[in-house]
Amino acid sequence: MLNQLRLIIKTMRPRQWPKNLFVLAGLIFDGQLSNFTSLSVTLLAFALFCLASSLVYIINDLTDIKSDQLHPQKRKRPLASGQLSQKTAIIAALILIIITFPIAFSLNVNFGLIITGYFLLMLAYSFWLKDIPIIDVMIIAAGFVLRVAAGVVVIVTTEFSPWLFVATTFLALFIALGKRRAEIDLLEGAADSHRQVLKGYSLELLDQLLTIVMASTLMTYCLYTFSSPITPGNHVMMLTIPFVIYGLFRYLYLIRMEHIGGAPEEIVLTDLPMQIAVGLWGLTIVIILYIL
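Going left to right, the sequence shown walks through residues 2 to 293 as this note's numbering numbers them.
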């Protein structure tokens, strides 16, 4: 029982949960981090998104067992390796459904609609949209935007800049395109046998798209620092721009020169320079919005 529970938790991908921290964007950038009520509901929203995303991962692993068995890394997953039975995974998925969505709607109707929309969109991605080039990375980006929107609707926001939604979209596209490039680089000539959508990409195309999206990410974030109504009128939020530039450049360096990036969350959890950049960016934002 304990071993099966451990395998279920592994299949739920807790290492992917940091992606759901985007739910906290509304709380932080609206200046409500010290508001206990807003903080409480936002943390609950974060936990529910972790459960919803874990539900998607379980369903995705159930449907991709055969293709995962051909992948040099994914074949080690509990379902693909046969360590976790399909029956146990299905039961776990049903339990997550029973827990997640009723609590989400009781928290906030709009939040419930957003998390349901996220779940349905990710299901469509898993069963169909993930095989369509360009659309696949746009769906991934939409998932991050929905996370931000979910964090906004659960609190009473005063001023949340729309530029953050745009910057989030481009950042998510940048990460998704980088992941596709890392997969092609890792799998080389056998890429399309592991993931069908990789047939529609080439390293040259992805490099061009990465350049465009990285520039767009930086531009929209800069526009946020200049125009957000909640930031100080002296544009001191511009001090966070160097950290964003370094983070983008560092990620591009890692996928181009170090040939890693197939699992972006691993970079954040293991790459010290990236951790320092993200940490200093976050610290600077807190100082600017809550202390100055």
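Beta carbons are placed, not taken as given, at the ideal position from N, Cα and C, and that holds for glycine.
Between the CA atoms of residue j and residue i - distance to the nearest angstrom
{"i": "Arg16", "j": "Leu8", "result": "14 Å"}
{"i": "Leu281", "j": "Phe244", "result": "7 Å"}
{"i": "Thr43", "j": "Glu267", "result": "25 Å"}
{"i": "Val149", "j": "Thr170", "result": "10 Å"}
{"i": "Leu25", "j": "Leu95", "result": "27 Å"}
{"i": "Val320", "j": "Lys11", "result": "The structure shown does not extend to residue 320, since the chain spans only 2 to 293, so no value can be given for it."}
{"i": "Leu174", "j": "Pro73", "result": "25 Å"}
{"i": "Leu71", "j": "Ile176", "result": "24 Å"}
{"i": "Val287", "j": "Gln33", "result": "11 Å"}
{"i": "Glu185", "j": "Leu204", "result": "The sequence as given places Ile at residue 185; Glu does not occur at that position. Whole-angstrom Cα-Cα distance: 7 Å."}
{"i": "Gln84", "j": "Met220", "result": "46 Å"}
{"i": "Leu172", "j": "Val214", "result": "8 Å"}
{"i": "Leu97", "j": "Thr117", "result": "13 Å"}
{"i": "Asn36", "j": "Leu80", "result": "42 Å"}
{"i": "Ser55", "j": "Leu253", "result": "28 Å"}
{"i": "Lys200", "j": "Ser41", "result": "45 Å"}
{"i": "Ile246", "j": "Val279", "result": "11 Å"}
{"i": "Ile99", "j": "Leu45", "result": "16 Å"}
{"i": "Pro265", "j": "Ala143", "result": "17 Å"}
{"i": "His236", "j": "Leu3", "result": "53 Å"}
Residue of the options minimising C-alpha distance to residue i
{"i": "Ile66", "options": "Ile213, Ser82, Leu224, Pro73", "result": "Ser82"}
{"i": "Leu20", "options": "Lys88, Leu124, Ile141, Leu207", "result": "Going by the sequence as given, residue 20 is Lys instead of Leu. When only C-alpha atoms are compared, the closest one is Ile141."}
{"i": "Leu255", "options": "Asp272, Val154, Ala53", "result": "Asp272"}
{"i": "Ser39", "options": "Met13, Leu108, Gln197", "result": "Leu108"}
{"i": "Leu211", "options": "Ala48, Ala93, Thr285, Val138", "result": "Val138"}
{"i": "Leu293", "options": "Phe250, Leu240, Gly144, Val269", "result": "Leu240"}
{"i": "Val198", "options": "Leu45, Val155, Leu130, His236", "result": "Leu130"}
{"i": "Leu6", "options": "Asp208, Ala90, Ser127", "result": "Ala90"}
{"i": "Leu206", "options": "Leu178, Phe102, Gly113", "result": "Leu178"}
{"i": "Phe120", "options": "Ile136, Phe145, Pro134", "result": "Phe145"}
{"i": "Lys180", "options": "Ser217, Ile135, Phe106", "result": "Ile135"}
{"i": "Leu187", "options": "Met258, Leu3, Pro230", "result": "Met258"}
{"i": "Leu22", "options": "Tyr291, Ser217, Gly283", "result": "Gly283"}
{"i": "Met238", "options": "Ile289, Leu49, Ser86", "result": "Ile289"}
{"i": "Leu49", "options": "Lys77, Arg76, Val155", "result": "Val155"}
{"i": "Phe30", "options": "Gly248, Ile277, Tyr222, Leu270", "result": "Tyr222"}
{"i": "Leu87", "options": "Lys75, Arg76, Leu63", "result": "First, the residue type needs correcting, since residue 87 is Gln and not Leu in the sequence shown. Taking only the C-alpha atoms, the option nearest Gln87 is Leu63."}
{"i": "Cys51", "options": "Gln209, Trp18, His236, Arg78", "result": "Trp18"}
{"i": "Leu122", "options": "Leu147, Leu270, Ile92", "result": "Leu147"}
8 Å contact criterion, which residue i and residue j should meet: CB distance rounded
{"i": "Ala168", "j": "Ile115", "result": "Contact flag wrong, Cβ pair sits at about 19 Å."}
{"i": "Trp164", "j": "Ser228", "result": "7 Å"}
Limits of the unbroken alpha helix (DSSP H) element including residue i
{"i": "Arg257", "result": "242-257"}
{"i": "Asn346", "result": "Because the chain here runs from 2 to 293, residue 346 falls outside it and cannot be looked at."}
{"i": "Arg78", "result": "Per DSSP, Arg78 belongs to no alpha helix (DSSP H) and is neither H nor E."}
{"i": "Leu85", "result": "Looking at the DSSP string, Leu85 is not in any alpha helix (DSSP H), and its letter there is neither H nor E."}
{"i": "Asn61", "result": "37-64"}
{"i": "Ala143", "result": "136-154"}
{"i": "Tyr222", "result": "204-228"}
{"i": "Met275", "result": "273-291"}
{"i": "Arg182", "result": "163-188"}
{"i": "Lys11", "result": "3-12"}
{"i": "Asn109", "result": "Asn109 -> no alpha helix (DSSP H), and no H or E assigned at all."}
Beta-carbon contacts of residue i that lie in its chain and below 7 Å, excluding the five residues immediately before and after
{"i": "Pro274", "result": "Arg251"}
{"i": "Asp132", "result": "Gln197, Val198"}
{"i": "Phe106", "result": "Gly113"}
{"i": "Tyr225", "result": "Ser162, Trp164, Leu165, Ala168"}
Same chain only: Cβ atoms within 6 Å of residue i, ignoring 5 sequence neighbours per side
{"i": "Val153", "result": "Gly27, Phe161"}
{"i": "Ile261", "result": "Leu255"}
{"i": "Phe47", "result": "Asn21, Val24"}
{"i": "Gln276", "result": "none"}
Neighbourhood of residue i by C-beta distance below 8 Å, restricted to the same chain and skipping five residues each side
{"i": "Ile60", "result": "Ala94, Leu124, Ser127"}
{"i": "Arg14", "result": "Ser54, Ser55, Tyr58"}
{"i": "Thr285", "result": "Leu240, Thr241, Phe244"}
{"i": "Arg76", "result": "Asp69, Gln70, Ser82"}
Cβ of residue i within 8 Å of any chain C Cβ
{"i": "Pro134", "result": "Of the protein chains in this structure there is only one, and it is not chain C."}
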